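J.: Here the protein sequences line up with chains A and B, keeping their order.
Taking the UniProt record's numbering, the leading residue of the first sequence gets 1, the next gets one more, and so forth.
Taking the UniProt record's numbering, the leading residue of the second sequence gets 1, the next gets one more, and so forth.
Glycine included, every Cβ here is placed at the ideal spot set by N, Cα and C.
Being a predicted model, the structure only gives us computed values, none of them experimental.
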Amino acid sequence: MGKKRHEELGLTDEQVLDMYRTMLLARKIDERMWLLNRAGKIPFVISCQGQEAAQVGASFALDRDKDYTAPYYRDMGVVLAFGMTPKELFLSGFAKAEDPNSGGRQMPGHFGQKKNRILTGSSPVTTQLPHAVGVALAGKMEKKDFASFVTLGEGSSNQGDFHEGLNFAGVHKLPVITMVENNKYAISVPLERQVASETVADRAKSYGMPGYQVNGNDPLEVYKVVKEARERAINGEGPTLIEAITNRLTAHSSDDDHTAYRDKEEIEEMKKNDCVHIFSQYLKDNDILTDEKEQELIKELDKEINEATDYAENAPYAEPEDALKYVYADKGGE
Amino acid sequence: MPVKSYIQAVTQAMREEMERDDKVFVLGEDVGKKGGVFKATEGLYDQFGEERVIDTPLAESAIAGVGVGAAMYGMRPIAEMQFADFIMPAVNQIISEASRVRYRSNNDWSCPITIRAPYGGGVHGALYHSQSVEAVFANQPGLKIVMPSNPYDAKGLLKAAIRDEDPVLFFEHKRAYRLLKGEVPDDDYVLPIGKADVKREGDDITVITYGLCVNFALQAAEKLEEEGISAHILDLRTVYPLDQEAIIEAAKKTGKVLLVTEDNKEGSIMSEVAAIISENCLFDLDSPIQRLAGPDVPAMPYAPTMEKFFMVNPDKVEEAMRDLAEF
Ligand SMILES: Cc1ncc(C[n+]2csc(CCOP(=O)(O)OP(=O)(O)O)c2C)c(N)n1
Ligand SMILES: [Mg+2]
């Protein structure tokens with residue numbers, strides 16, 4: 001019998017199990033966020049569900065002690081892999097003072113944590129792309145050996161910042177890895193009404209970099225292509241564009257009802273192709289995971305999520321006047 | 001003390017800061033070999049190389065956005081917009097990103113970028129090479145906007161902008177580049193951002209202005225002195241956030257205030273200065289606050305007749321000052 005797929009990629013059983021754990025953790029935190037939203041406890045959720053494989057597969061291919069990331073709002077899998085904790089994510093969900101992303105200033109999904117090299121993000125889509133290019137430029141100037149990893153949706157790949165940023169990265173051969181998580185919808189507008197080129201990956205050609213389309217439902221496929229992209233980046237061979245084909249299993253956000261523009265069959269079909277289940281099956285087929293071990297893992301994650309939820313729910317909000325802080329560096333933060 | 005032009009002072013500030021700190025670098029259109037379309041970065045490419053004086057693709061949002069990313073990383077980018085008029089494609093990066101990085105991250109991240117742009121009219125630049133764009137940005141807490149009025153200030157303020165921990169828009173008057181010359185010490189000095197500067201002491205009327213109009217007001221004040229009118233002139237230097245204390249003090253000093261900008265009048269920096277004075281100086285004023293500004297048409301036309309009509313000049317300032325003194 002030949003090597004297993006993950007072994008061919010140089011991944012150990014422990015590593016793929018850790019991948020799965022991170023995917024499942026993201027999924028379960030996200031599910032909890034929806035419950036809290038529907039219970040009226042948090043005002044807003046924007047989901048990672050269906051995109052965990054792409055997010056976690058990509059992150060594991062990076063050097064998570066060195067590389068920088070500029071994630072977009074669905075990237076719970078990325079930020080967990082980069083070191084943000086469930087507790088911190090719930091603090092953000094509840095908009096509490098201790099939230100490391102923004103101290104409760106921004107909506108959930110607006111990630112940022114300097115100690116884990118997660119750039120602070122905003123709501124206007126794709127603005128993070130030139131930032132990731134700027135970080136890569138700085139790394140090149142300082143002769144550092146890190147890569148800069150940025151993500152966005154396929155609809156967002158129509159913004160000028162996508163094209164301006166990738167072209168800049170291409171011209172200056174910068175160590176940037178851009179991954180478009182193509183879930184085939186931008187809110188309600190389907191892919192064919194968003195992107196004129198045959199694929200998003202095709203857009204790479206204009207910017208002098210390789211473009212790859214991968215099955216974003218398979219963390220190992222994503223891992224492979226990001227790993228190679230990182231090697232090129234570090235070797236001074238420049239940027240890469242990756243298009244990961246994914247599914248958005250939920251509505252766009254907690255304020256959207258996707259049944260208004262997707263039919264039932266489509267939603268059912270998508271759920272049958274859930275990346276978390278598929279990867280669980282891969283691990284079981286390869287005797288890395290058993291049903292019992294999975295149940296144990298779920299229990300362990302549930303416990304962590306329960307504790308994190310309780311902690312965040314009971315944590316204090318920022319003081320009203322804290323709204324005045326941190327406009328400028330001086331004035332003692334006022 | 002060496003006499004330098006306004007643009008030489010700008011170049012010297014950048015050179016000194018790049019020599020002092022490896023993290024400082026320049027990016028923009030034609031800033032490299034050519035040294036910029038106005039020659040503001042002349043000589044920097046030869047001295048520091050293409051890695052630190054970067055000719056970027058022609059794409060302003062990328063110039064600002066890549067600068068923002070590099071600044072978040074810890075560099076000190078100086079991004080050049082070829083003309084202030086062409087900053088518009090970068091507005092999202094400046095307002096949604098640079099100005100909000102510190103606030104939105106609860107002080108975790110910061111964005112110490114300087115964005116330089118030549119602004120201003122009277123150079124036959126027509127609509128899109130003459131504009132004052134500061135008012136577009138002047139209600140964005142998190143940003144600072146600096147507009148120097150002479151070579152000495154240009155050097156000290158630009159050095160301060162580069163060292164500032166927050167994003168600074170630095171607007172240089174393109175007509176001042178070669179028109180204004182003055183003593184600029186070779187020493188390493190910085191001037192405080194956020195502080196206005198009294199450029200002339202006087203007792204009869206107060207003129208508050210910034211940028212090239214400071215020079216117009218000083219010229220006018222010289223002439224009016226001969227007529228026995230003594231003008232007090234406050235240079236805002238930083239137009240956002242404003243130095244309220246200095247504005248109030250200058251207004252109270254004479255009780256007659258003229259506000260001058262070459263920007264369109266309505267919604268200009270001077271609208272805010274007028275509001276500050278009216279909130280704080282009701283019983284100190286001896287006349288209504290006066291504003292001299294461009295007309296409320298989109299921008300400055302090309303033909304000399306119309307350009308002259310639009311643009312503030314020393315004669316217009318002198319006339320407005322005399323009228324106020326006589327009120
Ligand atoms: C500049 C801008 N325009 C509009 C919006 C509102 N908006 C938020 S997400 C979104 C759709 C994004 O779709 P896509 O890029 O495919 O990402 P996805 O949500 O599918 O992951 C829109 C229109 C926004 N945030 N920013
Ligand atoms: Mg999408």
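Measure from the C-beta of GLY103/A to each C-beta in chain B and report whether the shortest distance is under 8 Å.
T.: Here residue 103/A is taken as the residue at index 103 of the first sequence, counted from 1. It does: the Cβ of GLY103/A has a partner Cβ on chain B nearer than 8 Å.
J.: Taking DSSP's pairing of strands, which residues face PRO118/B in a bridge?
T.: Stepping through the second sequence from its first residue, residue 118/B is reached at position 118. Answer by DSSP bridge pairing, in chain order: GLU172/B.
J.: I'd like to know if PRO175/A contacts chain B, where contact means its C-beta is closer than 8 Å to some C-beta of that chain.
T.: In the first sequence, residue 175/A corresponds to position 175, counting from 1. No, its Cβ sits nowhere closer than 8 Å to a Cβ of chain B.
J.: Evaluate the contact criterion for the region 282 to 293 of chain A versus the region 77 to 95 of chain A: three or more CB pairs, one atom per stretch, below 8 Å.
T.: No, they do not touch.
J.: Report the start-end ranges of each beta strand (DSSP E) in the region 48 to 128 of chain B that is 3 residues or longer and not cut off at the edges.
T.: Runs found: 53 to 55, 76 to 80 and 114 to 119.
J.: Are there 16 or more other CB atoms within 10 angstroms of the CB of GLY2/A, so buried, or fewer, so exposed?
T.: Here the question's residue 2/A lines up with position 2 in the first sequence. Exposed is the call here.
J.: Which residue's Cα is closest to the Cα of VAL150/A: GLN159/A, VAL133/A and ASN158/A?
T.: Here residue 150/A corresponds to residue number 150 of the first sequence, with the count starting at 1. Here the closest residue by C-alpha is VAL133/A.
J.: Spell out whether any CB of chain B is found under 8 Å from the CB atom of GLU334/A.
T.: Residue mapping note: residue 334/A aligns to position 334 of the first sequence, counting from 1. Note that GLU334/A scores a pLDDT of 47, beneath 50, so its modelled location is shaky; the value from the coordinates is reported in the next line. No, because no Cβ of chain B sits closer than 8 Å to the Cβ of GLU334/A.
J.: Report the residue from LYS271/A, GLY112/A, ASP322/A and PRO130/A whose alpha carbon sits nearest the alpha carbon of ASN167/A.
T.: In the first sequence, the residue the question calls residue 167/A occupies position 167. That would be PRO130/A, whose Cα lies nearest to the Cα of ASN167/A.
J.: Kindly indicate the opening and closing residues of the alpha helix (DSSP H) around GLY28/B.
T.: Working through the second sequence from its first residue, we reach residue 28/B at position 28. Unbroken run through GLY28/B is the beta strand (DSSP E), 24 to 28; no alpha helix (DSSP H).
J.: With DSSP collapsed to three states, give me the class of ALA293/B.
T.: Within the second sequence, residue 293/B is the residue found at index 293, counting from 1. Residue state, collapsed to three classes: strand.
J.: Short check: CB of GLY67/B to CB of LEU27/B, under 8 Å?
T.: For the purposes of this step, residue 67/B is taken as residue 67 along the second sequence, with counting starting at 1. For the purposes of this step, residue 27/B is taken as residue 27 along the second sequence, with counting starting at 1. For GLY67/B and LEU27/B, yes; Cβs fall inside 8 Å.
J.: Return the chain-ordered list of same chain residues with a C-beta closer than 8 Å to the C-beta of GLY333/A, the five sequence neighbours on each side being excluded.
T.: Within the first sequence, the letter at position 333 stands for residue 333/A. Its pLDDT being 49, under 50, GLY333/A is placed unreliably by the model, and nothing is read from it.
J.: Please indicate yes or no: does the CB of GLY155/A lie closer than 7 Å to some heavy atom of ligand 2?
T.: What you label residue 155/A is simply residue 155 of the first sequence in a count that begins at 1. Answer for GLY155/A: yes, Cβ within range of ligand 2.
J.: Could you have a look at GLY83/A and say whether DSSP puts it in helix, strand or coil?
T.: The residue labelled residue 83/A in the question sits at position 83 within the first sequence. Coil, per DSSP.
J.: Would you mind telling me which residues of chain B sit closer than 7 Å to LEU137/A, beta carbon to beta carbon, in chain order?
T.: Numbered from 1 along the first sequence, position 137 holds the residue referred to as residue 137/A. Under the 7 Å cutoff, chain B gives VAL66 and ALA70.
J.: Measuring CA to CA, which of LYS265/B, MET270/B and ASP46/B is closest to ILE247/B?
T.: Working through the second sequence from its first residue, we reach residue 247/B at position 247. It is MET270/B.
J.: When DSSP builds the beta bridges, which residues end up paired with ILE208/B?
T.: Walking along the second sequence from the start, residue 208/B turns up at place 208. Its beta-bridge partners are LEU234/B and LEU259/B.
J.: My output table needs one value for ASP13/A: the three-state DSSP class, helix, strand or coil.
T.: As a first step, residue 13/A must be located in the first sequence, where it is residue number 13. Looking at ASP13/A - three-state DSSP - the assignment turns out to be helix.
J.: Chain B partners of PRO130/A, CB-CB under 8 Å?
T.: Start at 1 with the first residue of the first sequence, and residue 130/A comes out as number 130. Residues of chain B passing the Cβ test: SER61, ALA62, ALA64, GLY65, VAL66, VAL68, GLY69 and GLN93.
J.: Counting only Cβ pairs nearer than 9 Å, list the residues of chain B close to ALA329/A.
T.: Counting from one through the first sequence, the residue named residue 329/A turns up at place 329. Within chain B, the residues near ALA329/A are ARG102, ASN107, SER110, PRO112, ASP164, GLU165 and ASP166.
J.: Distance cutoff 8 Å, beta carbons only. Does VAL171/A sit that close to anything in chain B?
T.: On the first sequence, position 171 is the one that residue 171/A refers to. With 8 Å as the cut-off, VAL171/A counts as an interface residue toward chain B.
J.: Give the list of continuous alpha helix (DSSP H) stretches no shorter than 4 residues that lie fully inside the region 241 to 326 of chain A.
T.: Segments of the alpha helix (DSSP H) lying fully in the region 241 to 326 of chain A: 264 to 272, 275 to 285 and 291 to 314.
J.: List the residues of chain A whose Cβ lies closer than 9 Å to the Cβ of THR56/B, in chain order.
T.: Translated into the one-based positions of the second sequence, residue 56/B becomes position 56. Correct list: PHE168, VAL171 and HIS172.
J.: I'd like the span of the alpha helix (DSSP H) that includes ASP323/B, first residue to last.
T.: Taking the second sequence and counting its residues from 1, one reaches residue 323/B at position 323. Counting along the chain, the alpha helix (DSSP H) containing ASP323/B begins and ends at 314 to 326.
J.: Does the distance from the C-beta atom of ARG203/A to that of GLY211/A stay below 8 Å?
T.: In the first sequence, residue 203/A corresponds to position 203, counting from 1. In the first sequence, residue 211/A corresponds to position 211, counting from 1. Yes. Within cutoff.
J.: What beta strand (DSSP E) runs, 3 residues minimum, are completely inside the region 160 to 207 of chain A?
T.: Whole beta strand (DSSP E) segments, 3+ residues: 176 to 182.
J.: Hey, would you say LEU220/A sits closer than 8 Å to ARG5/A, going by beta carbons?
T.: On the first sequence, residue 220/A is found 220 positions in, with the first residue counted as 1. On the first sequence, residue 5/A is found 5 positions in, with the first residue counted as 1. Cβ distance < 8 Å, so LEU220/A and ARG5/A count as in contact.
J.: Is there at least one Cβ from chain B nearer than 8 Å to SER47/A's Cβ?
T.: Translated into the one-based positions of the first sequence, residue 47/A becomes position 47. So, not an interface residue.
J.: Taking just the CA atoms, how far does ILE233/B sit from THR206/B?
T.: Here residue 206/B refers to the residue found at position 206 when the second sequence is read from its first residue. Here residue 233/B refers to the residue found at position 233 when the second sequence is read from its first residue. If I take the Cα positions, the gap works out to 6 Å.
J.: Should TYR326/A be counted as a contact of ligand 2 given a C-beta to heavy atom distance under 7 Å?
T.: Position 326 of the first sequence holds residue 326/A. It does not: the Cβ of TYR326/A is nowhere closer than 7 Å to a heavy atom of ligand 2.
J.: Compute every distance between the C-beta of ARG74/A and the non-hydrogen atoms of ligand 1, then say whether any falls below 7 Å.
T.: For the purposes of this step, residue 74/A is taken as residue 74 along the first sequence, with counting starting at 1. At least one heavy atom of ligand 1 is nearer than 7 Å to the Cβ of ARG74/A, so yes.
J.: Given a threshold of 16 other Cβ atoms within 10 Å of its Cβ, counted over all protein chains shown, does LYS23/B qualify as buried or as exposed?
T.: Taking the first residue of the second sequence as 1, we reach residue 23/B at position 23. With 16 or more Cβ atoms within 10 Å of its Cβ, LYS23/B is classed as buried.
J.: Taking C-beta to C-beta, are VAL257/B and ILE229/B nearer than 8 Å?
T.: Reading the second sequence from its first residue, position 257 is the one you call residue 257/B. Reading the second sequence from its first residue, position 229 is the one you call residue 229/B. Not in contact: VAL257/B and ILE229/B (Cβ atoms no closer than 8 Å).
J.: Counting only C-beta atoms, is ASP274/A closer than 8 Å to chain B at any point?
T.: As a position in the first sequence, residue 274/A is number 274, starting the count at 1. No - not a single Cβ of chain B is within 8 Å of the one on ASP274/A.
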